[in-house]
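Position one of the sequence shown corresponds to residue 1 (full-length UniProt numbering), numbered consecutively onward. Ideal Cβ placement from N, Cα and C applies to all residues, glycine included. So the structure is just underneath, and the comments pick up after that.
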Amino acid sequence: MSDVSDEPIPVPLDEEDPRDQPAPFGAVVLLTAASAVAVMALAVTLSQPPGLKFLLFGPIALVVFEVVAYEVYWRRWWGALPGAVAGLAVYFEGRVALADVIGDTWAHPIAYVTAWTLFAAVFAVCSRYPRSVT
Numbered sequence: 001m002s003d004v005s006d007e008p009i010p011v012p013l014d015e016e017d018p019r020d021q022p023a024p025f026g027a028v029v030l031l032t033a034a035s036a037v038a039v040m041a042l043a044v045t046l047s048q049p050p051g052l053k054f055l056l057f058g059p060i061a062l063v064v065f066e067v068v069a070y071e072v073y074w075r076r077w078w079g080a081l082p083g084a085v086a087g088l089a090v091y092f093e094g095r096v097a098l099a100d101v102i103g104d105t106w107a108h109p110i111a112y113v114t115a116w117t118l119f120a121a122v123f124a125v126c127s128r129y130p131r132s133v134t
């Protein structure tokens with residue numbers, strides 16, 4: 001009989017890979033919403049209306065920063081797809097609905113911030129359910 005067994009050695013709980021942790025809900029949602037508000041505030045100060053690339057820069061830069069800083073594991077990123085779909089739907093449909101109620105001047109920034117906040121919330125919730133390719 002040998003001392004070596006074929007059973008895998010369990011990893012102690014304190015040595016788990018931090019990339020397997022879900023995205024922190026409050027931090028992700030608040031930082032993404034704050035980033036969207038900052039982009040809208042900056043867009044107001046510009047003499048010409050900003051293009052789409054500028055409007056996407058703030059929240060996307062924040063998401064990239066979070067990936068680099070916190071090393072979010074790729075299996076957690078599947079939630080970006082339903083988050084993007086929900087955010088785009090809220091932005092385009094919400095902007096039209098709000099424009100009828102409060103006018104286009106306020107509808108665009110409110111729909112923009114709401115869409116990015118919804119994107120972050122859906123992503124953070126989905127990150128609790130990792131997906132694998134197998």
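In the structure shown, the three-state DSSP call for residue 82 is helix. With fewer than 16 other Cβ atoms from the protein chains shown falling within 10 Å of its own Cβ, residue 128 counts as exposed.
With a 10 Å radius around the Cβ and a threshold of 16 neighbouring Cβ atoms, residue 92 comes out exposed. Under the Cβ criterion (8 Å, minimum of three pairs), the stretch 29-47 counts as touching the stretch 117-128. For residue 24, the three-state secondary structure derived from DSSP is coil. Of the residues assessed, residue 35 falls on the buried side of the cut-off, its CB having 16 or more other CB atoms within 10 angstroms. Inter-segment contact for the stretch 102-113 and the stretch 36-56 is present: three or more beta-carbon pairs are separated by less than 8 Å. When the Cα atoms are used, residue 95 and residue 60 turn out to be separated by approximately 20 Å.
Under the criterion of beta carbons closer than 8 Å, residue 82 and residue 44 do not qualify as touching, at roughly 30 Å.
Rounded to the nearest whole angstrom, the C-alpha separation of residue 51 and residue 125 is 30 Å.
Secondary structure of residue 31 (DSSP, three-state): helix.
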